[in-house]
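Protein chains: 4
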Amino acid sequence: MKINVTVWNEYVHERTEEAIGQVYPHGLHTAIAEGLAMDDELEIRTATLDQPEQGLPQSVLDTTDVLFWWGHKAHDQVDDELVERIARRVRDGMGIVVLHSGHYSKVFRRLMGTGCRSKWWELDDKERIFTVLPGHPIAAGIPESFTLPVEETYCEHFDIPTPDELVFLSWFSGGGVLRSGCCYHYGNGKIFYFQPGHEAYPTYYDATIRQILRNAAHWAAPNGNPPMTYGQHDRFEN
Amino acid sequence: MKINVTVWNEYVHERTEEAIGQVYPHGLHTAIAEGLAMDDELEIRTATLDQPEQGLPQSVLDTTDVLFWWGHKAHDQVDDELVERIARRVRDGMGIVVLHSGHYSKVFRRLMGTGCRSKWWELDDKERIFTVLPGHPIAAGIPESFTLPVEETYCEHFDIPTPDELVFLSWFSGGGVLRSGCCYHYGNGKIFYFQPGHEAYPTYYDATIRQILRNAAHWAAPNGNPPMTYGQHDRFEN
Amino acid sequence: MKINVTVWNEYVHERTEEAIGQVYPHGLHTAIAEGLAMDDELEIRTATLDQPEQGLPQSVLDTTDVLFWWGHKAHDQVDDELVERIARRVRDGMGIVVLHSGHYSKVFRRLMGTGCRSKWWELDDKERIFTVLPGHPIAAGIPESFTLPVEETYCEHFDIPTPDELVFLSWFSGGGVLRSGCCYHYGNGKIFYFQPGHEAYPTYYDATIRQILRNAAHWAAPNGNPPMTYGQHDRFEN
Amino acid sequence: MKINVTVWNEYVHERTEEAIGQVYPHGLHTAIAEGLAMDDELEIRTATLDQPEQGLPQSVLDTTDVLFWWGHKAHDQVDDELVERIARRVRDGMGIVVLHSGHYSKVFRRLMGTGCRSKWWELDDKERIFTVLPGHPIAAGIPESFTLPVEETYCEHFDIPTPDELVFLSWFSGGGVLRSGCCYHYGNGKIFYFQPGHEAYPTYYDATIRQILRNAAHWAAPNGNPPMTYGQHDRFEN
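If you read the protein sequences in the order shown, they are chains L, R, U and C.
The first sequence begins at 1 in the numbering used here and counts up one residue at a time.
The second sequence begins at 1 in the numbering used here and counts up one residue at a time.
The third sequence begins at 1 in the numbering used here and counts up one residue at a time.
The fourth sequence begins at 1 in the numbering used here and counts up one residue at a time.
Structure (C-alpha cells):
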C-alpha cells in the first residue's frame, strides 16, 4: 500500500535570493520530493505557504500519511490554527519529518513543548553524520558515518526533549556536535527531526540524505490504529 | 542550603464543595505544604489562584526553586501569560512537580506538548503504587509497593511524551494501570508528574505520599547552572 | 522479501506434564509458529533443545532473521557457547523475541546484563494488556487494551534495563503490574520481550497475541546493515 | 552523611611506562582520589589490582557507596568472581563510575550486556565536551562546553545500550563524536560511564573533570533502599 507523503515548504529563500534559487531552482520541496519519489511505495505531493490555506487544507492533511516540513524565514506567517490542526493529525497517527531550520517552526515547538533552539553558525563547515542506532529502520542502508562537504552548523545545547530514539549524531569541523536525527512518539503519530538541509547547500541532492528521508517516510507512516480514546470510563470487568 | 518551595493550588473544590472542605479544611495546598515542611531543608510558601497575579508574581517565581501545582476546576482561568512565565522559569532551572489533575493544566500541557489526557473514573478504587526505579532519588525510602485505600483512577493510554525516567507505576482495583510517577528534563529544569492526590481523598496526609513529595522537591531543585545560551555563535577554536 | 523466523522451544513441559501436553499437544513452538505462519511474509522454522546442537547450529542462526525463544525448565541446559553465538548474531543484526519465562533464560540475561527477575504467582489471574505506544509497529492492529482470561502473573519490580521503547503495560487481577512489552536496540539487532505465554494456558492461540508476535517479527527483522566496525582507526579527513 | 568512595585502579601503565609514570607518579587512582577529596562529603579509599583479593575483598565492597573503576591493560586479570560480586553490589545499590578505557573492562561489559567497543585513535586530538542535560546533578557547575587540549579519541559507533540519561557529548578534532557521559539505572544501583581520562594525559588534574567526578559520586550514591525482592509471591490483597 502506498504511503501518501506531502512535502511542505515555505518556498521563500529560493524566490527572493538569487544564490539560493540557483541551488534549488524549483524550490527545496521539489528537490526533497525528487529524492522521495525514487521509492515506488511513496506517493508524493508538494505544498507551499503561498497556496490557498497555506497549502494544507484539511482535505490534504487528512489524506497525508507523512508530512515533510521545511521552513525558516516565514515561521511566523504560519497560522496558529494550522499548527493545531497538524498537531492533532500527528496525535491521531500522521507522521511528520521536520527538516533543518524547521526546528524553530511553530509546529515543531508546539509538538516538543520546549524552546527548540541551538547554537548555530553558517561558515561552510564540513558535517560528519554518525549512525548511533544502526538497526533502526531510518538507518537502513546508511553507512557508519558519512560527510556533507558543507552544511550550516547547529550545535548543542539543543533545547529539545530527550529523543525517544537518537538515530544520528553530527560532528562539525568548526567544533560543534548535535543530536541531528531524533525520533519521538506523539500519541498515535511519529516525529523525526533531521538537521541537514541548509538552503544554500545542495544537501537534498545527496544520495545518502535522500535515502534517510525515504527511510524516515516509511518509519513515520501510520500503523493504521484509530485514535486513542480518553475521558470518563467505566471500570473494566475484572 | 534551603530549597524554596512554592505550593500553588487553585483552591476551588475545598471552598465550594462541603465534602471536599471536610477532607482539606485549609486547602489541599496546606496539606501538601505540611508534608513538605517535615523536611528542614525545604522552605515552604503557598500560593492560590485568587491572590493578586494568581499568586505567582514574577518576584515569587524568581525566588522559587521548586513549584508544586495542583489544579482541576479552574485550569482555564490561569493566565496564558503566567503559563509562559512558568515555562521560562522551568527552562531556566526551576523545578515543577505537577500533581494529579494538574496533568490537564495549561502549564503541564504547555511543557509536554502533548494532549496529556487519560481514561479516568472516580469509583473508590484502591491504588497500588509500584517502584520501578528503586535507586532513583524520588524513590528513597519508598517500599517496593504500597497502597492507597481509595483514589481516583487514571488509566492508560496516558497521552504524555515518553518519560525520561519512569519512577512509579500504578495498579487500580477497577482494572487500570498508569505510568504514575514520571520525570522529565526541560532545559535546565526538571519536571515530575505524580498522579495520586484526588481532592475527595486524604491522599496528601499519607506518610509515603508525603515522603515522595519531599523527595521530589530535592530531585527537582535547580543545580545552580545558568541558563544555556542559544543563537548565532562563532566557530570554536580548534 | 521473506523474513526467516526460527521459533526455538525447550519443549520440556509439554512432554513431561500431561496437563500442559493437552494445551499444546505439538509443543508451544508449534502453536507459536502457526500464529506466525498466518503472515505470508514470514518463513517459519522451529527448533528444540533436544535436537543436534540444541537446534541452533551456526548454519541455522546465520540464516535466521528473527529468533523466537521460549524456555523455562531447561534454562541451565542451554550451552553457554550457544548463548554467546546468539548474542553475537543479535549484535550483528538478528532480531530476537523473548517470550514469557524466557526472561530468565541465559540468553536474555546475557543480552540485558541485569538479573531479569520479577515477582510471580500462578493463580489464574486475569491479565489486561494496555498499549502504551499506539503508533509503534508492534502495536499495529492491537486495541487500546485487551484481556487474557488467565495468565501467570509477573509483577514489578522487574529487574531489566529501562526499555528503549515500552510498548505494553499489563494489569493483573491479583494486584500486579508489569512492563510486559519491551523493546531494546542491541548493536545492529533488536530485542523484544513479551510476557504473556504461560505453558498451562492457551495464550498462543489468542488472535491478538498472535498479531503482536507477527508484528514483532517484522519490527525485529534486520535492516540489512553490515556489522559496525570497532577498534583502532585513523583520524577522519577534516 | 559521608559517601564512602573507593577508587580502584589496575595501576599498571604508571609503573611500567616511564612517560605515564611521569604524568601520574602516584598512580591514576591517586590523582582521581585527590580530585574527589576536595569534597568534604566524600570519604575516599583507593584500591589496586596488586593488592590481596585484587583490592576489593567483600568487606571493602560492602562498605563502598560508590566505586570508581580505571582499567586497561589488565582487564583480563580481573577475577570473574570479583566481577560478579561487583555486579551484585551495584544491583543492591552501590554506585559505579566507570572511567575511560574501563568501557572494555569485564565489569562494564557484564553490567551493560553489550560489546562496549568503539572506534579509537591516540593522536593528541583536542576534545570538546558539551553538556546535553544541563539540569542533571552530574552537570552542576559544568559549563555549556569545555575543552581538554589532548585526549585519546573514542568515536561512535559506541556499542552500549541506550543511556537512561545522556549527560555529555564529545567532539574530537580528528573528526569523531562520542556519547561520553552516560547514566544507567541497574536495580537499586546507578552507573555512570565517563570517557575522558587517558593515562598519557593529565586529564585527572583538570578542574572541570574533577568537578564532574565529584558530582558523579553524589549522583551514584545509594539512596538507602534495601534490595528489591523477587520470586514467588502471594496475590496482593485487593
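Every residue, glycine too, gets a C-beta built ideally from N, C-alpha and C.
So, does the CB of residue i fall closer than 8 Å to a CB anywhere in chain R?
i         : result
Thr208(U) : no
Asn188(C) : yes
Arg235(L) : yes
Tyr224(C) : Sequence check: residue 224(C) is Gly here, not Tyr. So, interface residue.
Return no unless some Cβ of chain L is closer than 8 Å to the Cβ of residue i.
i         : result
Trp219(C) : no
Would you say residue i and residue j are within 8 Å of each other, going by their C-beta atoms?
i         : j         : result
Glu165(L) : Leu133(L) : yes
Lys190(U) : Gly71(U)  : no
Cys182(L) : Pro163(L) : yes
Ser180(R) : Ile212(R) : no
Glu48(L)  : Tyr104(L) : A quick correction: the sequence has Thr, not Glu, at residue 48(L). In this structure, Tyr104(L) does not lie closer than 8 Å to Thr48(L) by Cβ.
Ser101(R) : Glu156(R) : no
Phe172(U) : Thr153(U) : yes
Thr147(C) : Ala139(C) : no
Thr68(L)  : Val97(L)  : Sequence check: residue 68(L) is Phe here, not Thr. Contact: yes.
Tyr186(L) : Arg91(L)  : yes
Lys2(C)   : Glu43(C)  : yes
Asp65(R)  : Pro227(R) : no
Val177(L) : Val167(C) : no
Leu28(U)  : Glu41(U)  : no
Asp234(U) : Trp120(C) : no
Asp159(L) : Gly113(L) : no
Gly141(L) : Gly224(U) : yes
Ala87(U)  : Leu56(U)  : no
Gln54(R)  : Leu82(R)  : yes
Glu127(C) : Glu151(C) : yes
Pro137(R) : Asn215(R) : yes
Asn188(R) : Gly135(C) : yes
In the DSSP assignment, what residue or residues form a beta bridge with residue i?
i         : result
Lys119(U) : Cys155(U) and Gly231(C)
Glu43(L)  : Asn4(L)
Val107(L) : Its beta-bridge partners do not exist; DSSP assigns none.
Lys190(U) : His185(U)
Asp125(L) : Glu151(L)
Asn215(U) : Answer by DSSP bridge pairing: none, since Asn215(U) is not bridged.
Leu178(L) : Ser170(L)
Gly223(U) : One point to set straight first is that residue 223(U) is Asn, not Gly, in the sequence displayed. Looking at the DSSP assignment, Asn223(U) forms no beta bridge with any residue, so it has no partner.
Thr16(U)  : Answer is none; Thr16(U) lacks a bridge partner.
Thr131(L) : Phe168(L)
Please confirm whether residue i has its beta-carbon closer than 8 Å to some beta-carbon of chain C.
i         : result
His185(R) : yes
Gly176(L) : yes
Asn4(R)   : no
Gly231(U) : yes
Taking 8 Å as the threshold (beta carbon to beta carbon), is residue i in contact with chain U?
i         : result
Met228(L) : yes
Gly71(C)  : no
Cys155(C) : yes
Note down, one range per segment and in chain order, each beta strand (DSSP E) of at least 3 residues found wholly within the segment 142-170 of chain L. 145-155
Which residues, in chain order, does the segment 128-152 of chain L contribute to contact with chain C at a C-beta distance below 7 Å? Arg128, Phe130, Thr131, Val132, Pro134 and Glu144
Taking Cβ-Cβ distances below 7 Å as the criterion, which residues of the segment 157-174 of chain C are in contact with chain L? His157, Leu169 and Trp171
Closer than 9 Å, Cβ to any Cβ of chain C: which residues of the segment 94-126 of chain U, in chain order? Arg109, Arg110, Leu111, Met112, Gly113, Thr114, Gly115, Arg117, Ser118, Lys119, Trp120, Trp121, Glu122, Leu123 and Asp125
Closer than 8 Å, Cβ to Cβ, to anything on chain C: give me those residues from the segment 2-27 of chain R, in chain order. none
Between the segment 64-92 of chain U and chain C, which residues of the former have CB atoms less than 7 Å from a CB of the latter, in chain order? Arg91
Continuous alpha helix (DSSP H) assignments of at least 4 residues falling wholly in the segment 32-99 of chain C: 58-62 and 80-91
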